[in-house]
Amino acid sequence: MRRVSRNLMTGIEKKSFPPPTLKSNQLTQIKHLIDVSKVTGFLRSTRFKLLYHRTNAQSRALKGLPPTDADLTAKEPPTYLAIHEFEVERPDGEALKKTAETEWAKKILGGAKTMEVGMWGLKGRFGDGKFF
1 MRRVSRNLMT GIEKKSFPPP TLKSNQLTQI KHLIDVSKVT GFLRSTRFKL
51 LYHRTNAQSR ALKGLPPTDA DLTAKEPPTY LAIHEFEVER PDGEALKKTA
101 ETEWAKKILG GAKTMEVGMW GLKGRFGDGK FF
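Laid out in structure tokens, this is it:
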């Protein structure tokens with residue numbers, strides 16, 4: 001079996017978006033994902049919403065310890081996370097940029113308070129190989 005190199009392109013948004021149960025919001029997200037799925041090497045997209053978060057300062061307080069200077073300046077994590085997985089060494093950056101310029105992407109990303117984008121390469125795995 002040939003081992004495929006997979007990279008993750010991660011877009012992180014921090015904002016209160018309309019609930020995903022609203023039909024118009026669902027349709028917008030589906031249309032954007034269809035655009036992303038057309039990029040060469042696309043495997044799948046998964047979306048997440050942060051359910052729980054505790055800062056290092058809060059953890060230290062639970063132990064009766066004072067926060068460090070770094071704890072006091074730490075950023076809040078994003079509320080929403082989208083992971084787009086590709087089976088190519090380097091996904092086409094220009095094609096990905098174009099997916100962020102569509103009317104559907106602008107509806108999703110336009111209201112973002114902050115956004116971070118990164119690229120990660122798979123370095124190893126553990127378990128049965130099934131993501132979910």
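Under our numbering, think of the first position of the sequence shown as 1, with each following residue one higher. Where a beta carbon is used, it is the ideal one built from N, C-alpha and C, also for glycine.
Check, Outcome
"Under 9 Å between C-beta atoms of Thr46 and Ile83", "yes"
"Alpha carbon of Val117 to alpha carbon of Ala100, nearest angstrom", "12 Å"
"Separation of Thr40 from Glu76, as counted between CA atoms", "33 Å"
"Burial state of Tyr52 (16 or more Cβ within 10 Å)", "exposed"
"Rounded straight-line distance, which links the Cα of Glu87 to that of Arg2", "Confidence in Arg2 is poor, its pLDDT being 46 and thus under 50, which makes the residue's placement unreliable; the coordinate value appears in the next sentence. Going from the Cα of Arg2 to the Cα of Glu87 covers about 12 Å."
"Distance between Thr28 and Ile108 (C-alpha atoms, nearest Å)", "7 Å"
"Distance between Ala61 and Arg125 (C-alpha atoms, nearest Å)", "34 Å"
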